[in-house]
Ligand SMILES: Nc1ncnc2c1ncn2[C@@H]1O[C@H](COP(=O)(O)OP(=O)(O)OP(=O)(O)O)[C@@H](O)[C@H]1O
Ligand SMILES: Nc1ncnc2c1ncn2[C@@H]1O[C@H](COP(=O)(O)OP(=O)(O)OP(=O)(O)O)[C@@H](O)[C@H]1O
Ligand SMILES: [Mg+2]
Ligand SMILES: [Mg+2]
């Protein structure tokens, strides 16, 4: 099985506290992997290492067999690793549409064009609208992002990631704060992307039903260390996971 | 406040002389900005000068004289803008000004472009009659070299060791260079040249070095509010046998020189130094008009500028053609509150008297008073010619 | 909708530009001409500043550095060589190279320094240029500065007026296009959220440098025109005041609007002119600077987003069409 | 008056020119947990912010212990004994966990110390990162800190906006426990999307849609009424 | 050796003086994140009002107290009318405080005239002691002492009360602080008032130090104060005192050993510090 993303011995230490501790994983192409673990286990930090927001103190990251450990976030995105953020991270004083349009523009590789009016690229706007429709946010396209309700910002966040059309999608709790009513729609989107079968997705979530529903495999982080990696069923049976992460919730 | 900016000629008789147009003089001065007090001195002096030279009639050779004042704000770009306005819109025949050297330098080429006489007052940079000179420029104010020569004349003698302290910009550097030349000529030796940040609050290092050089005199070239006097006193420079010498400034700044009482130096003007009729008139009239104030450092300069213009007009019979005026004014002598001044033909610098003085405490005066040691004659203070 | 609005805006601008173009031929006041020339020069300078402040979100306290480089390059070339058009072009070229180089380096530093710290660094760099101009006396004649001759063509104030007008309009159009280009949109994204821009796949540093160089070169050109208009240059071109002027003009007009920079420059220059004129009418206005200060304060209170910024929000509010909200550039 | 601790009567709130709340009314009884439910953008957060005085009501009244508070400044409202856990956590990023807590503490007495012990027991992670800047905490840790900050004072009423968001299941359980533990002293208004949590600890529910309260009842009713669940919550 | 001591002592005194100028700004700019360009104005008003009161009453101490009170008063007015509407918006802060700066410094000329005014210390602080080759200027010793007192006082205020914390929190998230029951508006006003009072104190102490005060002194020294706050690390009170001393000492020694650079020393120092340690010499990382 050829792996798309591989980490070896990946570690990062913040002033004495090792947030990610020698994690070696390998994610095959077109795979759907979920990461679970207690708060502060290092999940987001692990994402930050994959996407280049942080540089590991140790270890390597390979993408398609190529060492990308030293790549900047920009270059990783361009190489095909896109991510969404746990804490909403959009352009507050631009419109919703413009937020997504920028992602579409980047995807199209129009980066340094300064001679034409941006409206010349009409298709960008249409595409951006499509993405917004997909996440049920098209009615808010003219609002400033800062004026959105929390759940709406989460949707925008997802739209921006999808618009990048990267090969790898790193999703950090995409549905946190999204309403019960709308989670299914977003799930539907993710599922559809999965079914299209040409993307590799890594998902951080605390919603177990979602993880069980979607994942090909689940890895568990614990105090920065990789505790377990296996099929959802295996993981659910793991006792440490049950006692230290899930608690008694599933009993009901 | 009494300095009206554009004073219409006083309605004197109203008798129309044959010559049609009034003569217009545009005066550029800092009415705001860093040099506003200088600007105001000049303006008062200029107005008094016109009055004096025309016997209050405000006309010369039968033509009325009007003057228009513009504020340069002590900014070169404003000076240029205002000067152009004066030349283009008011069609002035003369320019007078201005308070800062930079403002003045910026305006000099305009005088040439519009072929109008510009009488520079009180800006002192050497380059006005030096590298930036053009033939339309007449410098009624003394220049930095004259100051320096006067400063040297007051203290330099054979075998005297002198250290200098000056702010680290054109004014200070030029001043020291000129002083050095003059002092060396008189046989003195310059043992140390110190330049300090003009905005410095601490002069320890400079003073320390000067003390270490053990000079007989410390000659200070300084301008601006932030001055080293207090620290010179605090560091007991005089107690170490080093005499201080500098140019006495205007009255407001004199009051900061309390610590220097006893120092010998020079001055451009202090109202009770010159003994002549014009000065008597100036002091009296000034007091009368400006509720008891005496004329200050640059008041006689403004007056001299006005007098020189009126004199030139009288001689040219009211003709304002610049070439003709230049011929008239080159070498022209005129009486001023500081005695006779002469525009040197070569570079149009007005040769004038300066005063060797000593600062003394006087009863009833809140500031140290410059007391005359001797008058330095125009010949004695004549600076080198540098306009080619 | 927006396009129509945009067109109307352009139309108004064209009409005004045409009017200004004809002005010297119908109206004889040289004084006004000079004042307007000054406005044009500072408009260019303020627009170049707006590119940084309003579009990229970079606060610089040292913009005078580029202005000064332009002014001195022109001055020194004109002083040292014959004031011909060839030398003029050489000076322009030198300015572009120098300001481009310096702004490139300074732009690199945005990588390392954020907000206040970057602002203060630029302040110190322009301070160092000031000292250099002071100390390199063989070249600059110290702080007194020097006068110089300019090419025949520019001696005539009308010609020079027209030149400045044309340059200003050109800079406006260039910057308009620049900021509305895909690249320009990325600049605004950087202003809003640098880190996110990065993870969208844009190389933030490249954009910041592009903006910095563009802005630096244009400021240099403003400096050139300034020097020619005075035919004199001294160290004041590197002073903090010059940067503050750009800052004030941009903010008063409305940050991130370009046209605001022009309006701000016009407003400040004219207010300045009128207030000093008033000083002759009534003694109270001798301290006209107080009124100037009060104007700033009132602008913030009544036009919190600058004149253009606030007016455009108002007119948009009046239309009340929440569905097609115009994109707003916020100040700050 | 009656035993309603908090009462909103036809509250309307504008943000800029937008009419966000267009008539929110509900009553909260002392000692109960009231849950606000509704779609994204329905106006739940705005309702809480209006109670806190952060987005003052333009119409209608907010009554706390019989006193109208809708036009009081936020800090006065908070001083009356209303604690708030905002949706975005509101962590002071540059301050350490300890400092975040210190800013929050209103009274430096024994009670507070006791509560602090209880809190640190509840969220041992906070103790672990006591000297760490709040901005560097993980998402869930921030959420804990935000809750902790509200717990540390003696509040009669707590407004909690989506506490379970970003928390591991086991921590969600702890938070639920803590709410149940506090119930006798503290009344709670909760916005929650985690229906399991909402339905476990809620006594009453209100559903907000398009800035209006459109339905309410006891949690028990809702849990049992499949049709209502489908209609308002899209779940079966 | 004498030389080194002389330079160090005077550098220290200058540093302390700069610290007094910058102390108010560390609160207003460093802590409250207000780009207050009117700081120099407050400072100049302290100098003028304080020295005027001193000349009227003959008591330097009363003059100092008067200056501080003037600073408080101006601080309250400024905060209420000028700063309050523009918290958190740097662009507006720049414009409105520059406006205020112009008004403040021109008003000085209206009231006290455009000329510079001499200022000398009271007799008991005049003159200097000479010990061997070391000259100790009394007034400078006084400045150093006052500097330490102010430092200790403000340090106490920030460390022993919640005020510093609350202000920082308020800058990061004003709404949240209020939701925690704190009247942040009042805290801000109080801190601004203290900052303005310290600026005024700096002003009145500067007068006798340099011997003269003038209306332009505000702008001249405000930049220095900004430099100190930035290289000390924003909002880091201890940092700003160290930075001020560093500026004082380096000015003193550079002027002696590398006089050619003395004009550039402050700017150079700031540039180097910022390039090497972007967050300021004593600032926290990040
Ligand atoms: N930049 C940083 N500096 C210091 N410590 C950090 C930094 N980023 C994260 N940490 C610490 O590393 C640990 C892991 O954080 P991370 O955000 O990866 O957790 P997580 O698994 O995503 O948790 P959650 O589920 O709460 O989001 C936490 O203890 C956090 O405090
Ligand atoms: N500052 C604002 N300006 C304009 N509209 C706003 C502003 N804040 C909120 N809104 C709008 O008000 C509506 C209600 O927002 P609110 O945050 O109360 O929703 P919510 O019910 O909490 O949603 P969520 O579940 O997503 O958190 C949303 O449509 C939102 O877009
Ligand atoms: Mg996380
Ligand atoms: Mg909400």
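Protein chains in written order, with this note's numbering: chain A, 1 to 252; chain B, 253 to 640; chain C, 641 to 972; chain D, 973 to 1208; chain E, 1209 to 1494. The beta carbon of each residue, even a glycine, is placed where N, CA and C say it ideally should be.
Distance between beta carbons of residue j and residue i, contact taken as under 8 angstroms
i: residue 1238 of chain E; j: residue 1443 of chain E; result: 4 angstroms
i: residue 892 of chain C; j: residue 946 of chain C; result: 6 angstroms
i: residue 1057 of chain D; j: residue 1136 of chain D; result: Actually they are not in contact, since the Cβ atoms of residue 1057 of chain D and residue 1136 of chain D sit about 11 angstroms apart, beyond 8 angstroms.
i: residue 397 of chain B; j: residue 430 of chain B; result: 4 angstroms
Beta-carbon proximity list for residue i, same chain, < 6 angstroms, skipping 5 on both sides
i: residue 973 of chain D; result: Note on residue 973 of chain D: pLDDT 48, under 50, position unreliable in the model; the coordinate value appears next. Closer than 6 angstroms at the Cβ level, and outside the excluded window around residue 973 of chain D, lie 1038.
i: residue 1033 of chain D; result: 981, 1040 and 1042
i: residue 678 of chain C; result: 909
i: residue 1128 of chain D; result: 1053
i: residue 643 of chain C; result: Legend: pLDDT at residue 643 of chain C = 43, less than 50; position of this residue unreliable, value from coordinates given subsequently. Excluding sequence neighbours, residue 643 of chain C sits near nothing in its chain.
i: residue 1163 of chain D; result: 1008, 1016, 1133 and 1134
i: residue 1481 of chain E; result: 1439 and 1489
Among the options, the one whose alpha carbon lies nearest that of residue i
i: residue 432 of chain B; options: B:442, B:613 and B:315; result: B:442
i: residue 1426 of chain E; options: B:286, B:577, B:486 and B:274; result: B:286
i: residue 1451 of chain E; options: E:1378, E:1474 and E:1463; result: E:1474
i: residue 1185 of chain D; options: D:975, D:1003 and D:1007; result: D:1007
i: residue 625 of chain B; options: B:535, B:522 and B:538; result: B:522
Test item: CB-CB of residue i and residue j under 9 angstroms
i: residue 780 of chain C; j: residue 852 of chain C; result: no
i: residue 23 of chain A; j: residue 10 of chain A; result: yes
i: residue 105 of chain A; j: residue 118 of chain A; result: yes
i: residue 890 of chain C; j: residue 701 of chain C; result: no
i: residue 437 of chain B; j: residue 404 of chain B; result: yes
i: residue 344 of chain B; j: residue 338 of chain B; result: yes
i: residue 582 of chain B; j: residue 597 of chain B; result: yes
i: residue 334 of chain B; j: residue 407 of chain B; result: no
i: residue 265 of chain A; j: residue 169 of chain A; result: Residue 265 of chain A is absent from the model: chain A starts at 1 and stops at 252.
Sequence-distant residues of its chain with Cβ nearer than 8 angstroms to residue i (five each side left out)
i: residue 261 of chain B; result: Low local confidence applies: a pLDDT of 46 at residue 261 of chain B is under 50, so the model's placement there is unreliable, with the coordinate-based value given in what follows. So the list reads 274, 310, 311, 316, 317 and 318, once near-sequence residues are dropped.
i: residue 774 of chain C; result: 780, 782, 783 and 875
i: residue 1286 of chain E; result: 1246, 1250, 1308, 1400 and 1404
Beta-carbon contacts of residue i that lie in its chain and below 7 angstroms, excluding the five residues immediately before and after
i: residue 1026 of chain D; result: 1046
i: residue 553 of chain B; result: 294, 297, 373, 374, 392 and 393
Problem - Selection of the region 456 to 469 of chain B by Cβ proximity to chain E, strictly under 9 angstroms - result: 456, 457, 458, 460, 461 and 464
Problem - Residues from the region 364 to 382 of chain B in contact with chain C, defined by Cβ distance under 8 angstroms - result: 365, 377 and 379
Handout entry: Interfacial residues, the region 1373 to 1402 of chain E to chain D, with Cβ spacing under 8 angstroms
Key = 1373, 1374, 1376, 1377, 1380, 1381, 1383, 1384, 1385, 1386, 1387, 1388, 1389, 1390, 1391 and 1392
Problem - Residues within the region 887 to 904 of chain C neighbouring chain E, beta-carbon criterion of under 9 angstroms - result: 887, 888, 890, 891, 892 and 895
Problem - Cβ-based contacts, 9 angstroms cut-off: residues of the region 1127 to 1152 of chain D near chain A - result: 1133, 1134, 1136, 1137, 1138, 1139, 1140, 1141, 1142, 1143, 1144, 1145 and 1146
Exercise for the section: Mind checking the region 443 to 457 of chain B against chain E and listing, in chain order, the residues whose C-beta falls within less than 9 angstroms of any C-beta there? Expected result: 446, 447, 448, 449, 450, 451, 452, 453, 454, 455, 456 and 457
Problem - Residues of the region 311 to 336 of chain B with Cβ closer than 7 angstroms to any Cβ of chain E, in chain order - result: none
Practice task
Give, in chain order, every residue of the region 51 to 71 of chain A whose Cβ lies closer than 9 angstroms to some Cβ of chain D.
Solution key: Identification of residues in the region 51 to 71 of chain A having a C-beta nearer than 9 angstroms to some C-beta of chain D yields an empty set.
Exercise for the section: Could you run through the region 683 to 717 of chain C and flag, in chain order, every residue whose CB is less than 9 angstroms away from some CB of chain B? Expected result: none
Problem - the region 1358 to 1373 of chain E: positions lying closer than 7 angstroms to chain D by Cβ - result: 1370 and 1373
Exercise for the section: Compile a chain-ordered list of the residues in the region 277 to 292 of chain B whose CB is closer than 7 angstroms to at least one CB of chain E. Expected result: 286, 288 and 289
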